[in-house]
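Data block below; observations after.
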Amino acid sequence: MANPKADLLQGTLDLLILKSLQLEPMHGFGIAGRIGQLSKDMLTVEQGSLYPALYRLEEQGWIKAEWGVSDNNRKAKFYSLTATGRKQLVAEEHSWAKLSTAINLVLGNA
Amino acid sequence: MKFLRKIKSFFRRGKLETEMAEEMRHHVELQTELNLKAGMKPDDARYAALRQFGNVARIQEQARDVRGWAWLEAFAKDLRYALRALRKSPGFTVTALLTLALGIGASTALFSVINSVLLRPLPFPNADRLTIIWETSAQQNVKREGPAGPNFYDWREQSHLFQDLAAVELGSGTVTGLGEPRQIPAMRVTTNLFSVLNVRPALGRLFVSEDGLGGRQARVIISRDFWQRAFGGDLEIVGKNVMIDQISYQVIGVLDRSFWLPFQSDLFVPWPDDELRYQRGRLSHDLGVFGRLKPDVTAAQAETELNAIHARLRLTHSELAGWGVTVAPFQSVMTEYIRPVLLVLFCAVTLVLLIACVNVANLLLVRAVGRGREVAVRLALGATRGRLIRQFLTESVVLGLVAGGLGTLLAFWGVALLSAVVPATIPIPDASAEAMLRPFEIDGSVLAFGFGVSLLTSLLFGLAPAIYALKSDVIHGLKNGSRATTGGGRWMRETLLVVEIALALVLLSGAGLMLKSFFRLQHAGLGFQASQLLTMEMELPTDSHYKTGPEQSAFFARVLEQVGSLPDVTSAAVTSVLPLHSQDERAQFLIENDSTLPPNEHFQSDLRQVSPEYFRTMGIAFKRGRQLDRHDSAGGAAPLVGLVDEAFVRRFFADANPIGRRLMLGEARLEIVGIVGDVKHSGADREARPTLYVSFQQIPASRMNLVLRTTAAPASLVASVKQAIWSIDRNQPIYRVESMEDVVAEATSAPRLTLSLLGLFAVVALGLAAIGIYGVMAYAVNQRTNELGIRVALGATSGDVVAMVLRQGMSIIGVGLAIGLAAIFMIGRLVEAMLYDTSPRDPIALGATVALLAIVAVAACFIPARRAAKVDPMVALRAE
């Protein structure tokens, strides 16, 4: 909790959600947890941003949702990547790499 | 696809809301468990989880935006914005709405006529298989004429391609015992007519073949309309009797409301088959024949088959030599006369609509350019071009749909107007018969048409500003500040103007050509003087009172005596067929001592039974010989005599003198005693046909037209003439009471209709074009105020300025006129068939229209040019 937190850059949330779904389908709470876990709690996702983002991605056809049963035997909605979602993930990873390289160059950290 | 999904989610909203709520509750529960594991108290754990999650309602709302509400909201925003923008410039909005409503209303009204008359199938099952069958003879110059009974029965029995054939004869009957005597249109029909048409009765039954045996109780089927009018919709009508021509008929059935034939008839009586089959000659043409084709048989195939049957008949019946058969689809042949008129008018109204669109497009374009800064600001603030185009198109569609609504209201009024000006009955070309048009109705397909046209036009005129928005440049727009981009959309406006002028010219020249053609037609001369003539028709009941010829001619002789002595009547006469009445009567004859005709063949000419005064009353020229007089009577001593017209002399005597020659009509001999001028019986645009006139005393007729030449207005005499006739027989119906001028007007109804509507459309087009030119030029001058001010400051005179503006306008007008003229030369052939004695490239008509449009266009330019000349250089420069 005491970790300093980075502000989430606009537009990067989509990338993070897609990335966290790369391995297996997950429910919303799980996605938030996974992003925290992967970033070593440097990034936290506000629920206020998470769910609209999920619905937006679903609307765009990159992820799809199915009702299933969670670990603790509760009904939960699981999100998984679609084929176009996987392509989108690759494309976004690629453009993120380019952007971060460029920014690092500018900052002289390369 | 995506759009569909949004629509779907719009309707599935309830389910999605629940799912969303459940999903979020699940999230909070998991967080609570996590907090519990971290050692919090249950209440605190839950509270913390909720706090962490944030405002559930707000999140749900945000999610909903993504969920498919966003587009609707954006649309609502567009709509609100469009309405606000339109309200803000009421002048523009009202002009655009009225222009469009006029175009949409006129085209929708005309479409409803086309839909009612041409497109809607006749109210019979499989109506497309119904045909009308005529006999035809190139030799006798007869294109369509009903067959005689024996031929009809031979066709019916020998044809395999028809399911069945039915025959009718049109006539009328005098109905008495139900108020004042009335002549009611009637039909004598073969008993299978209703099964050929495939209709059902509303009450009682239809005919069965036993009804065609004759000799039993007379039976009648009545129309639903007559049932309502004469019997007040009496449900017990079946089995009751009605007096027709003094004979009692039993009503056996009432037809359904949907029953409709293009021939007026309220009474249907069965025809005894034997009478029809055996008691008539093979050339006594008079039947109307309906045929129902078997499925998948074309009219052309059926025609080939009937001609083969007819060829076999000719082997045994030599009098049929030269005669063949023609089969025409029922619906299309009934509307043959009016179809080209309606199509040309529809093209014309489409042009008006296009011109209206161009005008509105130009108005919108000017507005879009005026809003250049607004567009630039919105682009700079991140609006996508797609969003802007959607905004512009929303405005256009709102405009189009409101105009469509107004236009549809206009169309209701327009249809009422058209019902009044389009004739109720139209001739069937070449058939000496008339057909009724179906009433014009605005039904679902007409409304759909109006809606479709509104949408289509919105896109059409909305495209121009949308394209402009697509091309506008942010930096340029912002830099120019409040002044809109000067050159913006100029080429587009000028192109639209060129199109508008070209379209208007096409329409105007069409009206010009029709005007000239109509003028020619009016002055073509019919062979008689139509003014100051009153006409009316009478048919004597021959079943009871007036059974014999002498009785019939005696009645008409007394009528002539009575009405001839009325004040204001200079002369009175009767004729069996009135010119332009779409009726015909023919005589077959041989010429005595003439060997030019092959054996067994007859000549044929039109026959008219008239009283001696007929020619003087009608103003028909008398040429040579002597007139008929009262000595040419039926008495045994008086020889049968007749007059012929000049067409008769040309055709049968090769211009040699026919006076004194004799014609053999069957057993009788008729001597030609005089020659009269030609009368165009079937219309000014048709050739005069050879006609033989005989005295009504010598060859009587039961149906006669009375013609009176009057000194007062013809209509003022109607009452006294009727009284005079009823003083002889108070049961005699008198109908078709008209002035001869009205008869002439009816006969030219199609060209009259074309001219009046085309003229109306042309005036509208001219007005719209003038407004369009004025608008564009005024805007151009306004944009150039600054430049003009500098020119004036540098010494340009006001004359120079006017000339400059006019030059700009006239180059546009010139191009438009040239393109329009080229178009007319290309499509002129389309209207050729509708023109009488006028070429579609008539230099006078075309020259006059070009001049008219040019004058109006230049005048529309001149007003802004004058304003430009008044520009004060100080004001103009300071305005910068």
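Just so you know, the sequences run in chain order G and A. Under the working numbering, residue 111 is the last one in the first sequence; the count climbs by one each step, no gaps. Under the working numbering, residue 887 is the last one in the second sequence; the count climbs by one each step, no gaps. Heads up, the beta-carbon is just placed ideally off N, CA and C, and yes, glycines get one too.
Exercise for review: With DSSP as the reference, please indicate the residues paired to phenylalanine 162/A in a beta bridge.
Suggested key: By one-based count along the second sequence, residue 162/A stands at place 155. Per the sequence presented here, residue 162/A reads as tryptophan, with phenylalanine not at that position. In DSSP, tryptophan 162/A forms no bridge with anything.
Check your understanding: Does the separation of the CB atoms of valine 203/A and arginine 264/A fall below 8 angstroms?
Key -> Translated into the one-based positions of the second sequence, residue 203/A becomes position 196. Translated into the one-based positions of the second sequence, residue 264/A becomes position 257. Not a contact, by the Cβ cut-off of 8 angstroms.
Review point. Listing by chain order, which chain G residues have their CB less than 9 angstroms from the CB of glutamate 24/A?
Key: Taking the second sequence and counting its residues from 1, the one referred to as residue 24/A is at position 17. Here the premise fails: no neighbours, minimum Cβ distance about 12 angstroms.
**Study point:** Runs of beta strand (DSSP E) wholly within the region 551 to 601 of chain A (minimum 3 residues, chain order)
**Key:** 576 to 582, 593 to 598
Check your understanding: Who pairs with lysine 78/G in a beta bridge, going by DSSP?
Key -> Looking up residue 78/G in the first sequence gives position 77. Its beta-bridge partners are Trp68/G.
Review point. For histidine 95/G, is the classification buried or exposed, using 16 other Cβ atoms within 10 angstroms of its Cβ as the cut-off for buried?
Key: Along the first sequence, read from residue 1 onward, the residue named residue 95/G stands at position 94. Its Cβ having fewer than 16 others within 10 Å, histidine 95/G is exposed.
Exercise for review: Name the residue from Arg87/A, Ala108/A, Leu41/A, Gln38/A whose alpha carbon lies nearest to the alpha carbon of leucine 462/A.
Suggested key: As a position in the second sequence, residue 462/A is number 455, starting the count at 1. Out of Arg87/A, Ala108/A, Leu41/A, Gln38/A, Ala108/A has the C-alpha closest to the C-alpha of leucine 462/A.
Point to revise | Same chain, Cβ closer than 7 angstroms to leucine 372/A, five either side skipped, listed in chain order | key: In the second sequence, the residue the question calls residue 372/A occupies position 365. These residues qualify, in order along the chain: Ala471, Pro472, Tyr475, Gly496, Met499, Arg500.
Review point. Which residue or residues does DSSP assign as beta-bridge partners of glutamate 6/A?
Key: Lying before the first or after the last residue shown, residue 6/A is absent from chain A, which here runs from 8 to 887.
Exercise for review: Could you please give me the residues that DSSP links to phenylalanine 275/A through a beta bridge?
Suggested key: In the second sequence, residue 275/A corresponds to position 268, counting from 1. Beta-bridge pairing links phenylalanine 275/A to Met194/A, Ile228/A.
Exercise for review: Select from Arg696/A, Arg615/A, Arg693/A, Glu599/A the residue whose C-alpha is nearest the C-alpha of arginine 669/A.
Suggested key: In the second sequence, counting from the first residue as 1, residue 669/A sits at position 662. The option with the nearest alpha carbon to arginine 669/A is Glu599/A.
Check your understanding: Would tyrosine 700/A pass as a contact of arginine 615/A if the rule is Cβ separation under 8 angstroms?
Key -> Translated into the one-based positions of the second sequence, residue 700/A becomes position 693. Translated into the one-based positions of the second sequence, residue 615/A becomes position 608. Yes, they are a contact pair.
Check your understanding: Which residue spans inside the region 299 to 356 of chain A form an unbroken alpha helix (DSSP H) run of at least 4?
Key -> 306 to 323, 337 to 341
Check your understanding: Just to confirm, are leucine 504/A and isoleucine 780/A a CB contact at a threshold of 8 angstroms?
Key -> As a working note, residue 504/A is residue 497 in the second sequence. As a working note, residue 780/A is residue 773 in the second sequence. Result yes, Cβ atoms of leucine 504/A and isoleucine 780/A sit closer than 8 angstroms.
**Study point:** C-alpha gap between threonine 25/A and arginine 58/A, whole angstroms
**Key:** Indexing the second sequence from 1 puts residue 25/A at position 18. Indexing the second sequence from 1 puts residue 58/A at position 51. Those two C-alpha atoms are separated by around 21 angstroms.
**Study point:** Nonlocal neighbours in the same chain, by C-beta distance under 7 angstroms from aspartate 232/A, ignoring five residues either side
**Key:** Taking the first residue of the second sequence as 1, we reach residue 232/A at position 225. So the list reads Asp273, once near-sequence residues are dropped.
Check your understanding: For the ligand NAP, any of its heavy atoms closer than 7 angstroms to the Cβ of glutamate 402/A?
Key -> What this structure holds is no ligand at all, so the ligand NAP is not there to describe.
**Study point:** Buried versus exposed call for threonine 492/A [16 or more other C-beta atoms within 10 Å across all chains shown]
**Key:** For this step, residue 492/A is matched to residue 485 along the second sequence. Any reading at threonine 492/A is ruled out, since the residue's pLDDT is 45, under 50, leaving its predicted position unreliable.
Point to revise | phenylalanine 703/A, buried or exposed, once every other Cβ within 10 Å from all chains shown has been counted against 16 | key: Indexing the second sequence from 1 puts residue 703/A at position 696. With 16 or more Cβ atoms within 10 Å of its Cβ, phenylalanine 703/A is classed as buried.
Exercise for review: Closer than 6 angstroms by C-beta to glycine 109/G: which residues in its own chain qualify, once you throw out the five before and the five after it? Chain order, please.
Suggested key: For the purposes of this step, residue 109/G is identified with residue 108 of the first sequence, where counting begins at 1. Contacts found: none.
Point to revise | Straight-line gap, threonine 5/A to glutamate 326/A (C-alpha atoms, nearest Å) | key: In the structure as shown, chain A begins at 8 and stops at 887. Residue 5/A is therefore absent and cannot be evaluated.
Check your understanding: Within 8 angstroms (strictly less), CB to CB, does glycine 61/A reach chain G?
Key -> Position 54 of the second sequence, counted from the start, is the residue given in the question as residue 61/A. Chain G contact via Cβ: present.
Check your understanding: How do the region 525 to 539 of chain A and the region 686 to 696 of chain A stand: do at least 3 beta-carbon pairs fall below 8 angstroms, yes or no?
Key -> yes
Review point. If you draw a straight line from the C-alpha of alanine 418/A to the C-alpha of alanine 769/A, how long is it?
Key: If you number the second sequence from 1, residue 418/A lands on position 411. If you number the second sequence from 1, residue 769/A lands on position 762. Answer to the nearest angstrom: the Cα atoms are 18 angstroms apart.
Check your understanding: In chain order, what residues of the region 23 to 42 of chain A put their CB closer than 8 angstroms to some CB of chain G?
Key -> Glu26, Met27, Glu29, Glu30, Met31, His33, His34, Glu36, Leu37, Gln38, Glu40
Review point. Which same chain residues, not among the five before or five after isoleucine 32/G, have their C-beta less than 8 angstroms away from its C-beta?
Key: The sequence position of residue 32/G within the first sequence is 31, counting from 1. Correct list, in chain order: Ile18, Ser21, Leu22, Val46, Leu51, Leu55, Tyr80.
Review point. Ends of the beta strand (DSSP E) at phenylalanine 610/A?
Key: Position 603 of the second sequence, counting from 1, holds the residue named residue 610/A. That run of the beta strand (DSSP E) goes 610 to 617.
Check your understanding: Which residues in the same chain as arginine 623/A place their Cβ atom closer than 7 angstroms to its Cβ, once the five residues preceding and following it in sequence are excluded?
Key -> Residue 623/A sits at position 616 when you count from the first residue of the second sequence. Around arginine 623/A: Ser578.
Point to revise | Residue range of the unbroken alpha helix (DSSP H) whose run includes asparagine 105/G | key: Numbered from 1 along the first sequence, position 104 holds the residue referred to as residue 105/G. Counting along the chain, the alpha helix (DSSP H) containing asparagine 105/G begins and ends at 84 to 108.
Point to revise | Inter-stretch contact (C-beta, 8 angstroms, three-pair minimum) for the region 162 to 174 of chain A and the region 289 to 303 of chain A | key: yes
Review point. Which parts of the region 12 to 37 of chain G are runs of the alpha helix (DSSP H), unbroken and 4 residues or longer, counting only runs that do not cross its ends?
Key: 13 to 21
Check your understanding: What do you get for histidine 588/A, buried or exposed, if any count of 16 or more other CB atoms within 10 angstroms of its CB means buried?
Key -> Residue 588/A sits at position 581 when you count from the first residue of the second sequence. Answer is buried; the Cβ neighbour count reaches 16.
Check your understanding: Looking at C-beta atoms only, is the number of pairs between the region 833 to 848 of chain A and the region 513 to 523 of chain A that lie closer than 8 angstroms three or more?
Key -> yes
Practice item. Could you confirm whether any beta carbon from chain G is found closer than 8 angstroms to the beta carbon of arginine 65/A? Key: Position 58 of the second sequence, counted from the start, is the residue given in the question as residue 65/A. Yes, contact with chain G.
Review point. For the region 746 to 764 of chain A against the region 426 to 435 of chain A, are there 3 or more C-beta pairs whose distance is under 8 angstroms?
Key: yes
Review point. Using a beta-carbon distance below 8 angstroms, is glutamate 93/G in contact with chain A?
Key: Taking the first residue of the first sequence as position 1, residue 93/G is located at position 92. Answer no: the Cβ-Cβ gap between glutamate 93/G and chain A never drops below 8 angstroms.
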